[in-house]
Amino acid sequence: MELLLLALLTRISQASSTTSLLGVWSDTDVCITLVWYIAAVQYRGMVRVISVHHFTRQDVAGLEHSGGRGVTRGKGDILLVGGEHSVDIRNLKSGGILQGSFPTVDLVHQLVYCETGAFVVTLETKPARHGGDHRYVRVYLHWDQDNTNQPMRARIAGRVTPSSQSGVTNLEMVEIPLRTPAEFIACCQSTGNIAVACGITVTVFKFCQKTHDISKMKFIDFEELIELDMSFIVKEVALSEDLIGCVSESEAHIFQITINSQLLKGNSKEKDSKSQEKRSKSRSKSKTRSASRSPGRSVDSLSSASRLRDRRLKKEESLVSVRDSDDYVDLGELMWVPTLSYGRKRPTDDQRFLLFPSLVGAAQCGPVAEPGEIIGPVSSARCSSVRLKLLSGSSTQKLPANVFEAVTLIHRRADHNNDPDIPFSNLKLMAVYDSEPGKKEGTASTPRRLSHPLLPSGSPQKVGASIFLTTPHVGQLYHVTLFEDPYKNSVVRGGVFSYTAPVYSVELEPSLLHALTLTGLETYTLRPHPHIVVSHLPEDLNMIVPPHWEETVCLVGLRPFLNVETLTLTDSCLALIAANNEGGDKSHTVYSLHLPSAASLYKEMVRVGRSHRSASPSTYLHLLLEAHLVLTTALHHEIPQVQEAEEDLYSLLQDSSALLGDYYAQCDTEAEWKQATQYYQVSSLSPDAVIERLDLQCPGLVAVISALLLHPNTPVLTSAQANCVLEMFEKAAPDKVSTIILKSSCLVDYKKDKVLGIIKQELSKTAEPRPTDVLALALVFLDRGSSEQVSTVLASLRAYQLVVVLLQHSRLLLITEDGATRLSPLVQVLAEHKKEVFTEVFVSLIGEGTLSLNAFVDAFVAVYPIVSCGPECNTHSLWLRDFLEKFFLEYAHNSEITGQRDRYDRAITVLVSLYLASLVGAFGDKSKEDPNWSDQRAALKELYAPRPTFLGLLPPFSNDHSFPEAQTSEPEDGGSPEEKAGVEAEEEERNLSASLLHLVVLQSLLSSDLPSVEDRTNVLKFVTANPTALGAQSLRVLCLESSQQLDYILQEFPHALLQYGKDMYESPLEWEELVLKLITHKSSLPESDPAYQVYSDILNGHSRLEQDDDEAIYKPDLSFDVLGELVVSAPFDVFMRIIPGSRHEELRGHIRQCHSAALAVHLRTSLMTYAHNVLAQMTK
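Each residue of the sequence shown is one higher than the last, beginning at 174 in the working numbering.
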């Protein structure tokens, strides 16, 4: 209220000294301003009255003929005015002079121009003989050509083709065939389709371009496409591709025509379901007849027996139907979203919102429906049914008629008794297209469905629409964002407009709304579509651009006009046609108000806002935001500039962002400081430029500058800019200097001595130094070239403190130059003086996934070149090997790390090479330098994976250096291998040489899944080139395929076959290949060959002569042979499958032993089962 009174008094006080663009402020204007004030009092909180000069010029022209019956815009600034059996063509850019006309068949009642096809659609009336009138819908083609002394050619759409001799420049009339009188016509500007309202029916005629059969000449035609039956009499209709709006006096319905995918799938299965239904009915009839024939049973008794079951099933089905209904909401599955503001995209996975205004401010709760209002998307059957009929006469029909569905977006119904603010009128549908498709990820866009007859092909992607609807006193603006699934569409309210007087007509610019009311022309600011709001923000900036829809819109102008009948908007003019009732003849006047450019409107809004900056800061902010949206909208719509010399819109947008950043930086909350930072980022101002705009006492100065310096997209500052920033921090927040030095990537060239002085002064203030100050001090010393002082500075921190602070500032660890990443100088100091800290930091980074192991290896090698083969391996190679072993000691068994081979394969290749080099003496024995070295290396024998036990039976462990767990040969004293392992384990580990320790770790690595095929191939090449290398045979075995492994061990180390099978086979059936190859190989040897007895002992064991049933037979010794192992472990049927049939007689002793073992197991199982049953009976 106070702001309105202030605007009124200010405007009156300036009346004597201020001249507007259109004339001096008059007494009439003062009276009109009083009307503003009274109306604003009545609709308090809905309108903010601010006078902004928004028209640059006004032209006045008289109409020679009676006008006002059907007026529309043409191409550019052409105005089409319907007269007596003609339509006048006037150019508003030239003052509204008459440029020509074209005849019409009857009196024009309504005019609509369509850009697609450049045709004019008319609703014409003709008096009927018996009272009333006839109404026709006609399309005029080539109306803008010179048709003087040329006949008008006429035809009926879809039924009569043009004459083959007709010229393309002749005026042509195409009559749209109708079954009932038309009430209203509308046209889609992108497709050229025409919508005709006839009572409760709306018929859509498709725009077609056809080719004449004879002359092959292209011509325009229209075909009936879709017929919609509404639940009310349609007075107005609007059409935008697949969006349709219908309005009556008390009801409005805006919906989307979609193709229901479920219905489309179900349509193909309809015949199958009907046939199944018939078969089920026949089966039920046969069951009923059989039940009636059964003794003692009747149909009634049969049905009563199943009545309870049917009732229970119906109850369950009803619960399922309730859960599947659109109204059912499971609170347990909802996700709490505290705010849903204007300009922020709605999450695509949310189906609906539950609004709790008492918990969250209503202004942040999205579209709150008013009484009688439904905001979708919902099925049209829930609010106002729409019957769709795809007309069979359409040549473009490719889909069944029953797959189309009307999805309601907005539905409003007014109560005649309780809501006298009717009728609804001035329905507008404005499509919003993606100006830069693919620029932003996550932009809601509807994939072009080519099969949809209402959607165009080859046009920009439609991402939504803005919908306007008004009553005599209040206008409503809605914004719809479209998604592929129509039931995920987002509908938000874009603004509420309360007029000062009853409204007649409304026109919408991209940024302004013009309303023709009883008292004159009112102009309001307009909220653009959310997609437009965010379309020109940087890709990495997700910000909310207010004002919100519930904030007041601005009434930026009101001009008095009398007897105005129509209001029409062209590209750059607003035309008002007023009737002159004085005198006998009724004449008309055309007022052409020239619209300002977006740049001039922006500057005027900013000028007016600055005049209110001290008196009303909220008004200043509101106008800044409105001006910002004017530029954003103009950039999205690519509105051409009026003058070539005008400033670039994008530069003005940057200036606007800077002004908004200045305002929010002066506020007191962190949320507003964050907004200031975001606006400064849009403005592209450097941090030093922002400092120059703000005072040192500005509340948000430090927070805003810190955020700008820490943003990764901020460019590197020059020396002068960096020193300016540091001087500000020295005065305002010296404790932030260390953080800025460590985290900012744009501070490179600055005064090192000044920073050292600031940090040292901060260190002197505390008894225990802050880790950030110490690290920043070390970094400055490095930049100065004093690397010898860095280790001294870092020594003032404990190891864990240094690890924590380095992980917090991990960007300091690596640098990238010429596309190559390497260790930073700070890390090189750590690697040379604090290896534990170095290792702990990078192991943590790689384990967290921040850095890959391959990237670390590349960065390490870029600074410390290594030799990964031969005895020439250097100290750096040892550093890298120790680090990699430390990493795998913690993460070798972590599937999340080892499951991503592309992140560690290079490191494994380096490790394999280093281990192979250690076998030829690359690293040597370090036990003299470190007494614990041997114990530490021995502890890594199963670092990567457990080693197979059979490796202990291969050289070099099969001689004097056997692993205790690998000893399987029988000792001479008769003791078992396990006993010898327990006695000699400690002694054997102590006697392992340095090379054996390296071999053990390499065997562990090759036993895991970490090495690639290429790594194993490299190992095979190594052992082939170095056959005498330590452990060459075991390495070969580990790198061969499983079948090749078996053949190699069978040939070279047959005594390890039994242990190999135990290690490698999980089930007895897997032994079949080993047994078969062993038998075959033994059979291929002559009995005189000494190896024959070896393989025979391995297969059968040592046999001894025993007496069995008066028969002397040889029974096998089952202690160490392969078959003896299977006799004990394999079931009898599996054992019989493993033994070849031709060898059953030869291996009869083993078969008997296995059969006896199976019987013993069966007897034991039976006894245990019987005992359990007896115990169970006793406990009852």
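For every residue, glycine included, the Cβ atom is placed at its ideal position computed from N, Cα and C.
### Task
Drop a sphere of 10 angstroms on the beta-carbon of residue 1326, count the other beta-carbons inside from all chains shown, and report buried for 16 or more, exposed for fewer.
Buried is the call here.
### Query
For the beta strand (DSSP E) that contains residue 746, what are its first and last residues?
Annotation: the continuous beta strand (DSSP E) that includes residue 746 extends over 746-753.
#### Entry: residue 556, DSSP secondary structure in three states
In the structure shown, residue 556 sits in coil (DSSP, three-state: anything other than H, G, I, E or B).
### Task
Compare the Cα-Cα distances from residue 765 to each of 749, 307, 424 and 1064 and report the closest residue.
Here the closest residue by C-alpha is 749.
### Task
Return yes when the Cβ of residue 315 is within less than 7 angstroms of the Cβ of residue 342, no when it is not.
Residue 342 places its beta carbon less than 7 angstroms from that of residue 315.
### Message
If I follow the unbroken alpha helix (DSSP H) through residue 1246, where does it start and stop?
### Response
Secondary structure note for residue 1246: its alpha helix (DSSP H) is the uninterrupted segment 1245-1256.
### Query
With DSSP run on the structure shown, which of helix, strand or coil describes residue 151?
No answer is possible for residue 151: it lies beyond the span of the chain, which begins at 174 and ends at 1353.
### Task
Have a look at 305, 300, 247 and 1182 and flag the residue whose alpha-carbon is nearest the alpha-carbon of residue 274.
It is 247 whose Cα lies nearest to the Cα of residue 274.
### Query
Hey, out of 919, 869, 1302 and 1343, whose CA is closest to residue 1328's CA?
Among 919, 869, 1302 and 1343, the Cα nearest to that of residue 1328 belongs to 1302.
### Message
So for residue 704, helix, strand or coil by DSSP?
### Response
Helix at residue 704.
### Query
Can you name, in chain order, every residue of its own chain whose Cβ lies under 6 angstroms from the Cβ of residue 1256, other than the five neighbours on each side?
Cβ neighbours of residue 1256 beyond the five flanking positions: none.
### Message
In chain order, what are the residue ranges of uninterrupted beta strand (DSSP E) at least 3 long that sit wholly in the region 1018-1081?
### Response
Counting only unbroken stretches of 3 or more residues, no beta strand (DSSP E) element lies wholly within the region 1018-1081.
### Message
Can you tell me whether residue 1202 is helix, strand or coil according to DSSP?
### Response
Of the three classes helix, strand and coil, the one that applies to residue 1202 here is coil, per DSSP.
### Task
Assuming residue 1082 and residue 1182 form a contact by the criterion Cβ under 8 angstroms, report the distance between their Cβ atoms to the nearest whole angstrom.
The C-beta distance from residue 1082 to residue 1182 rounds to 15 angstroms, too long to fall under 8 angstroms, and the pair is not in contact.
### Task
Can you say whether residue 1333 is buried or exposed, counting buried as having 16 or more other CB atoms within 10 angstroms of its CB?
Here residue 1333 is exposed: its Cβ has fewer than 16 other Cβ atoms, across all protein chains shown, within 10 Å.
### Task
Within the same chain, show all residues whose beta-carbon is closer than 7 angstroms to that of residue 906, passing over the 5 residues directly before and after it, in chain order.
Within the same chain, residue 906 has close Cβ partners 875.
### Message
Between which residues of its own chain and residue 752 is the CB-CB distance below 7 angstroms, once the five residues before and five after are set aside?
### Response
Excluding residues within five positions, the ones whose Cβ falls inside 7 angstroms are 241, 736, 738, 759 and 761.
### Task
Check the DSSP bridge columns for residue 419 and list the partner residues they point to.
According to DSSP, which records beta bridges pairwise, residue 419 is partnered with 410 and 426.
### Task
Pick out the complete alpha helix (DSSP H) segments inside the region 854-921, 4 residues or longer, and give them in chain order.
With a minimum length of 4 residues, the continuous alpha helix (DSSP H) runs that stay inside the region 854-921 are 860-866, 874-883, 892-905 and 910-916.
### Query
Taking C-alpha atoms, which residue in 871, 807 and 827 lies nearest to residue 837?
With distances taken between Cα atoms, residue 837 lies closest to 871.
### Message
Assuming residue 975 and residue 986 are in contact, meaning their beta carbons sit under 8 angstroms apart, how far apart are those beta carbons, in whole angstroms?
### Response
Here residue 975 is actually not in contact with residue 986; their C-beta atoms are around 12 angstroms apart, not less than 8 angstroms.
### Whole-angstrom distance between residue 808 and residue 290, CA atom to CA atom
When rounded, the distance between both Cα atoms is 27 angstroms.
### Query
With 16 as the cutoff for other CB atoms within 10 Å, does residue 789 come out buried or exposed?
Around the beta-carbon of residue 789, 16 or more other beta-carbon atoms lie within 10 Å, marking it buried.
### Query
Run through DSSP, which three-state label would residue 835 get?
When DSSP states are grouped into helix, strand and coil, residue 835 belongs to the helix group.
### Distance CB(residue 727)-CB(residue 692) smaller than 7 angstroms
Between residue 727 and residue 692, the C-beta gap is not smaller than 7 angstroms, which leaves the two residues out of contact.
### Message
Looking at the secondary structure, which residues open and close the alpha helix (DSSP H) in which residue 1311 lies?
### Response
Per DSSP, the unbroken alpha helix (DSSP H) holding residue 1311 starts and ends at 1305-1311.
### Message
For a test of the three-state rule: what should DSSP assign to residue 672, helix, strand or coil?
### Response
Looking at residue 672 - three-state DSSP - the assignment turns out to be coil, as it is neither helix nor strand.
### Message
Considering only DSSP beta bridges, list what residue 403 is partnered with.
### Response
Answer is none; residue 403 lacks a bridge partner.
### Query
On the premise that residue 345 lies in contact with residue 326, defined as a C-beta separation below 8 angstroms, what is that separation, rounded to the nearest angstrom?
At roughly 5 angstroms, the Cβ-Cβ gap stays under 8 angstroms, so residue 326 and residue 345 are in contact.
### Task
Spatial neighbours of residue 594 within its chain, please: CB distance less than 8 angstroms, with the 5 preceding and 5 following residues excluded, ordered by chain position.
Residues 587, 644, 645, 646 and 647 of the same chain have their beta carbon placed closer than 8 angstroms to that of residue 594, with the five preceding and five following residues left out of the count.
### Query
Going by Cα to Cα distance, which pick from 1033, 1171, 803 and 1297 is closest to residue 1079?
Of all alpha-carbon atoms in 1033, 1171, 803 and 1297, the one lying nearest the alpha-carbon of residue 1079 is that of 1033.
### Query
How would you label residue 515, buried or exposed, when you count the other beta carbons within 10 angstroms and need 16 or more for buried?
Annotation note: pLDDT 42 at residue 515 (below 50); position unreliable, coordinate value reported separately. Buried, since its Cβ has 16 or more Cβ neighbours within 10 Å.
### Query
Nearest to residue 929 by CA position, among 222, 918, 1252 and 952, is which residue?
It is 952 whose Cα lies nearest to the Cα of residue 929.
#### Entry: Rounded separation between residue 706 and residue 803 - CA only
C-alpha separation (whole angstroms): 10 angstroms.
### Query
Among 1268, 374, 431 and 1304, which has the Cα closest to the Cα of residue 551?
Nearest to residue 551 by C-alpha distance, out of 1268, 374, 431 and 1304, is 431.
### Task
Give a yes or no on whether the C-beta atoms belonging to residue 580 and residue 429 are separated by under 7 angstroms.
The Cβ atoms of residue 580 and residue 429 lie closer than 7 angstroms to each other.
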